[in-house]
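A.B. asks: Protein chains in written order, with our numbering: chain S, 1 to 271; chain R, 1001 to 1316.
Structure below; questions to follow.
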């Protein structure tokens, strides 16, 4: 089963990235912010620097591992916030219908009338550059995707017999939403979330790359790429390595998301 | 068709109002006084008060919106604080460069995507098909700004074939060839992800169409495979592709912001980022408004085109 092997390899890559990010303070790494100008822009394999150094002589390996903490946390955090807002709004829009549905859907229409990254940039422009603001912007831009997904599923579920039965037994709307509808949404939400984390890592890295996310000297993959841009002609490794890290992790998340989709939706397995 | 057109235009009104509200609120998201943020900590109280009055920030928020909209409807997007010029003229000037980049990327992604999709579907599991599948997985995961840097390193630094940044060379005279050579790398960067999406969709719809009876009939008539694929199957497979091409065009317009920044392409994207970093809010508002309007109008054009291609849409 080569597809399973691919998913396993993707899971191993993600596990390694997450473990590396979590254990960064305990790993035998150099200080990621320690400036060493005499040793600036050393190529990979230079003495004491396995992946070379950046424009300030800071160790690339240490910055990549510490950068993983910010990049992964930002991606997962923004996706989780999008999901929470989107699920809450979608659930209520689908269940109550009427004005609630109209307001939520028009709100998503307006947000979706902007190109995704443009709106995120505009929101950061208002809030001010910084990682937290970048995450807020991406969470706001991303929630319509979940809201529409959940609303669609709830619309088809709310007329089903088990909801009718729960209502006939005297269950409150809150109980029906929480105990009867929400469990049915877990599978589609899990698939959407697994595919969305990669997109959110790309988006936060993009904002950091534009100078609107993580601010120097904090290491994150997007901002590392941004500062390395100036030196790409001199030493391509300073730009290629953080980009490669983003690419490999997002690729693994997408492969794993696809595998999860196949697993949770058996109709796709033999398609 | 005219009733459909009227309905679509009416539906556009609330969306445009919503877009304008969001763009207007951008200025007011910041905690604190936008005038103080724009002028920075060195500004005197007098300067701040003057700017507040100039921008109408001393009025209630709904009134400010009405005032701003009244000006926008007359084509007045305010004055850029950094450049001390009307925003609209500068944004429209830069928008031409953005449109050129976006349109080139759209043509590249559409032609390349359809060609790859057709080749993959005509020979499933061939080398082209596998490479196309690999490309689509990579395309969805690769940061466009990183791809830009990789292309720069390969084609500008190592091979020296193409210029690394800008729209015209400093001493090249600004001719068409100069422009085209500067356009190649940004257009490929911007088109890459869309091309893989269009290729995958064309492949799957082509595979569906190639299994249908009319294709079998065409083959039974003795038509050569090339004619079956290009003249019979492709035409029928193109309708869903048109929708995706339309959606992608909108996203290319937004994605151009990142690509322009890497390649120092003088479009609205770079102007907007300069505006954000210089806290020039009227300029940022103007850029966002023009790109968002372009996006909305483009989506409308695609919907109308789709209704022309597939009459069932009009009667839904």
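In this text, a Cβ means the ideal position worked out from N, Cα and C, and glycines have one as well.
In chain S, what lies closer than 8 Å to residue 1284(R) by C-beta?
C.D. replies: 122 and 125
A.B. asks: Residues of chain S with CB closer than 7 Å to the CB of residue 1253(R), please, in chain order.
C.D. replies: 115
A.B. asks: I need the straight-line Cα distance from residue 1074(R) to residue 1047(R), nearest angstrom please.
C.D. replies: 27 Å
A.B. asks: Going by DSSP, what residues sit across from residue 49(S) in a beta bridge?
C.D. replies: 46(S)
A.B. asks: For residue 1265(R), which residues in chain S fall below 9 Å Cβ to Cβ?
C.D. replies: Under the 9 Å cutoff, chain S gives no residues; its nearest Cβ is about 14 Å from residue 1265(R).
A.B. asks: Please report how far the alpha carbon of residue 140(S) lies from the alpha carbon of residue 84(S), in whole angstroms.
C.D. replies: Their backbone Cα atoms lie some 11 Å apart in a straight line.
A.B. asks: Measuring CB atoms only, is the segment 126-145 of chain S touching the segment 56-64 of chain S, in the sense that at least three cross pairs come out at less than 8 Å?
C.D. replies: The answer is no - the segment 56-64 of chain S does not touch the segment 126-145 of chain S, with fewer than three Cβ pairs under 8 Å.
A.B. asks: Can you look up residue 1062(R) in the DSSP assignment and give me helix, strand or coil?
C.D. replies: Three-state result, residue 1062(R): helix.
A.B. asks: For residue 254(S) and residue 1058(R), I'd like the C-alpha separation in whole angstroms.
C.D. replies: About 49 Å.
A.B. asks: Can you have a look at residue 221(S) and say buried or exposed, based on whether 16 or more other CB atoms are within 10 angstroms of its CB?
C.D. replies: buried
A.B. asks: Is residue 236(S) close to chain R, meaning its C-beta is less than 8 Å from at least one C-beta of that chain?
C.D. replies: yes
A.B. asks: Pop quiz: residue 184(S) and residue 44(S) are said to be a contact at Cβ under 8 Å. What is the actual Cβ separation, rounded to whole angstroms?
C.D. replies: So it is not a contact: roughly 50 Å between Cβ atoms.
A.B. asks: Run through the DSSP bridge pairs and tell me what residue 1079(R) is partnered with.
C.D. replies: 1086(R)
A.B. asks: Between residue 1024(R) and chain S, is there a C-beta pair that is closer than 8 Å?
C.D. replies: no
A.B. asks: Taking contact to mean at least 3 C-beta pairs separated by less than 8 Å, is the segment 1111-1129 of chain R in contact with the segment 1191-1199 of chain R?
C.D. replies: Under the Cβ criterion (8 Å, minimum of three pairs), the segment 1111-1129 of chain R counts as touching the segment 1191-1199 of chain R.
A.B. asks: When the distance is taken between beta carbons, is residue 1190(R) closer than 8 Å to residue 1105(R)?
C.D. replies: yes
A.B. asks: Starting from the beta carbon of residue 981(R), find every residue of chain S whose beta carbon is closer than 7 Å, and list them in chain order.
C.D. replies: There is no way to answer for residue 981(R), as the model of chain R reaches only from 1001 to 1316.
A.B. asks: Where do the N-terminal and C-terminal ends of the alpha helix (DSSP H) with residue 36(S) fall, by residue?
C.D. replies: From DSSP, residue 36(S) is part of no alpha helix (DSSP H); its letter is neither H nor E.
A.B. asks: Could you check which residue in 1290(R), 1140(R) and 1305(R) has the C-alpha nearest to that of residue 1095(R)?
C.D. replies: Residue 1290(R) is the option with its Cα nearest to residue 1095(R).
A.B. asks: Whose C-beta lies closer than 7 Å to the C-beta of residue 187(S) among residues of the same chain, with five residues either side of it excluded?
C.D. replies: Closer than 7 Å at Cβ, skipping near neighbours: 264.
A.B. asks: Select from the segment 1171-1195 of chain R all residues with a C-beta closer than 7 Å to any C-beta belonging to chain S, and list them in chain order.
C.D. replies: none
A.B. asks: Suppose only complete runs of 4+ residues qualify. What are the alpha helix (DSSP H) ranges in the segment 1118-1171 of chain R, listed by chain order?
C.D. replies: 1127-1141 and 1144-1151
A.B. asks: Got a sec: which bits of the segment 205-229 of chain S sit with their beta carbon under 7 Å from any beta carbon on chain R, in order along the chain?
C.D. replies: 205, 206, 209, 210, 211, 212, 225 and 229
A.B. asks: How big is the Cα-Cα spacing for residue 271(S) and residue 1100(R)?
C.D. replies: For residue 271(S), the predicted structure reports a pLDDT of 39, less than 50, and the residue's modelled location is therefore unreliable. The matter cannot be settled from this model.
A.B. asks: If you compare alpha carbons, which of 100(S), 93(S), 199(S) and 59(S) is closest to residue 241(S)?
C.D. replies: 59(S)
A.B. asks: Got a sec, what are the start and stop residues for the alpha helix (DSSP H) residue 81(S) sits in?
C.D. replies: Per DSSP, residue 81(S) belongs to the alpha helix (DSSP H) from 60-96.
A.B. asks: Measure the alpha-carbon distance for residue 116(S) versus residue 1263(R) and round it to whole angstroms.
C.D. replies: Straight across, the Cα-Cα distance linking residue 116(S) with residue 1263(R) is about 21 Å.
A.B. asks: Would you list, in sequence order, the uninterrupted alpha helix (DSSP H) runs of no fewer than 4 residues that lie entirely inside the segment 1012-1051 of chain R?
C.D. replies: 1034-1039
A.B. asks: Where does residue 215(S) sit, in a helix, a strand or coil, going by DSSP?
C.D. replies: coil
A.B. asks: When you compare each of 1276(R), 1277(R) and 1260(R) to residue 1269(R) by their alpha carbons, which one comes out closest?
C.D. replies: 1260(R)
A.B. asks: Can you grab the Cα-Cα spacing for the pair residue 1016(R) / residue 204(S), in whole Å?
C.D. replies: 27 Å
A.B. asks: Let me know the secondary structure DSSP gives residue 56(S) once reduced to three states.
C.D. replies: coil
A.B. asks: By a C-beta neighbour count over all protein chains shown, 10 Å radius and 16 as the cutoff for buried, is residue 1014(R) buried or exposed?
C.D. replies: exposed
A.B. asks: Check whether the segment 143-163 of chain S touches the segment 1054-1073 of chain R, counting contact only when three or more Cβ pairs, one atom from each stretch, lie closer than 8 Å.
C.D. replies: no
A.B. asks: Please report whether the beta-carbon of residue 254(S) lies at a distance below 8 Å from any beta-carbon of chain R.
C.D. replies: yes
A.B. asks: Beta carbon of residue 123(S), beta carbon of residue 113(S): below 8 Å?
C.D. replies: no
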